[in-house]
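Count along the sequence shown from 1, add 19, and you get the number used in this note's numbering. Read through the structure below, which is laid out as structure tokens, and then see the notes.
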Amino acid sequence: AHKASLDIFTEAGMHNLVAKGKMLSSYLLFILNEINHLTNHNIIEVITPLDEKQRGCQVSMLMLEDGKRIFDALIQAGIIADWREPNVIRVAPVPLYNTFEDIFNFGKVIQQSLIN
């Protein structure tokens with residue numbers, strides 16, 4: 020099993036995975052900023068360092084409104100996320116198997132949960 024995993028990483032190339040991971044995280048931050056912009060006030064505060072050199076792929080979001088309800092909507096949509104009391108949602112777009120479409124859909128679920 021370990022050999023098969025290493026073969027996948029070798030085939031993908033660590034440089035490519037690191038580059039894609041940075042792009043996925045940047046796109047996620049863009050989507051979160053757009054959600055704040057569309058709501059005309061901040062409902063999400065990213066508490067993970069914004070400098071890509073100081074973070075991995077995980078992004079922690081302090082939910083300033085309806086955090087638990089938004090988290091529940093994410094889980095119902097099949098999105099794997101982590102809830103930390105009192106109001107933090109953590110997600111990690113992993114470059115080996117997450118796509119930009121996954122991030123886009125993540126943002127759509129949050130937007131739709133704000134409307135409902």
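All residues carry an ideal CB built from backbone N, CA and C; glycine is no exception.
Going by the CB atoms, is the gap between proline 105 and glycine 40 shorter than 8 Å? no
Neighbour-count burial assignment, asparagine 117, 16 or more Cβ in a 10 Å radius: buried
Helix or strand or just coil, what does DSSP make of aspartate 101? strand
DSSP on glutamate 64, reduced to helix/strand/coil? strand
Would you mind stating whether arginine 109 and glutamine 77 have Cβ atoms separated by less than 8 Å? yes
Contact under 8 Å by Cβ, leucine 83 with glutamate 71: no
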